[in-house]
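*Asks:*
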Amino acid sequence: MIATRAFALVVGSFVFGLVMSLFMEPAAVFGSTLPIAPTVWTYDIQRGPSQACAPLADRLVRKVMRGYEVTIAPGMHPMVPYEASQVSAFILHGNGRVRLSGDGRRHVCINGAGKVFAVYVPATAE
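Residue numbers (numbering that gives the first Met the number 0): 0 to 125.
(1) Leaving aside the five residues before and after VAL63 along the sequence, list all residues of the same chain whose C-beta is less than 8 Å from its C-beta, in chain order.
(2) Helix, strand or coil for ALA83, going by three-state DSSP, please let me know.
(3) Could you give the C-beta distance for ASN110 and GLN50, rounded to a whole number, given that I count them as a contact under 8 Å?
(4) For LEU91, which residues in the same chain have their Cβ closer than 7 Å to its Cβ, ignoring the five residues on either side in sequence?
(5) To the nearest angstrom, how far is the alpha carbon of ASP43 from that of CYS52?
(6) State the Cα-Cα distance for the pair GLY113 and VAL79, rounded to the nearest angstrom.
(7) Can you tell me whether ALA26 is helix, strand or coil according to DSSP?
(8) Beta-carbon within less than 8 Å of ARG46's beta-carbon, same chain only, minus the 5 sequence neighbours each way: which residues are those?
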């Protein structure tokens, strides 16, 4: 009798888990330890070893009259460490430094001297 109840509990738990996996995201079913697949989109600009591009919040990359105003607080970008000072830049349209983002987010590329050399924006931001 006890073995039958234990078997029913195990089978019921398995069926419940199987049904839940059909309706939930894989990370919610298996935990957040699943690797995240890389996006297909990559940066189309040449970068050197002391340069990095990274996504930023929309509020840090604002569209203004003739381009984009970028303000990055220390620690908000890989090339702007916490001990650095704030990085600010204005990137004009039409000089090849404003590019289209392939993932719908805003990205900023900074060189080792802390200078912004490119901004990626979604097509909807243009």
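Just so you know, even glycine gets a beta-carbon here, dropped at the ideal spot from N, CA and C.
*Replies:* To lay it out plainly:
(1) Translated into positions along the sequence shown, residue 63 becomes position 64. Excluding sequence neighbours, VAL63 sits near PHE89.
(2) Numbered from 1 along the sequence shown, position 84 holds the residue referred to as residue 83. Note: ALA83 maps to coil in three-state DSSP.
(3) Residue mapping note: residue 110 aligns to position 111 of the sequence shown, counting from 1. Residue mapping note: residue 50 aligns to position 51 of the sequence shown, counting from 1. About 5 Å; that satisfies the 8 Å criterion.
(4) Within the sequence shown, the letter at position 92 stands for residue 91. Same-chain partners within the cutoff: ARG65 and GLY66.
(5) The residue given as residue 43 occupies position 44 in the sequence shown. The residue given as residue 52 occupies position 53 in the sequence shown. The alpha-carbon atoms of ASP43 and CYS52 are separated by roughly 11 Å.
(6) Position 114 of the sequence shown, counted from the first residue, corresponds to residue 113. Position 80 of the sequence shown, counted from the first residue, corresponds to residue 79. For GLY113 and VAL79, the distance between alpha carbons rounds to 7 Å.
(7) Indexing the sequence shown from 1 puts residue 26 at position 27. Residue placement at ALA26 cannot be trusted, given a pLDDT of 44 that sits under 50; what the coordinates show is reported in the next sentence. It is helical.
(8) Sequence index remark: in the sequence shown, residue 46 carries index 47 (1-based). Excluding residues within five positions, the ones whose Cβ falls inside 8 Å are CYS52 and CYS108.
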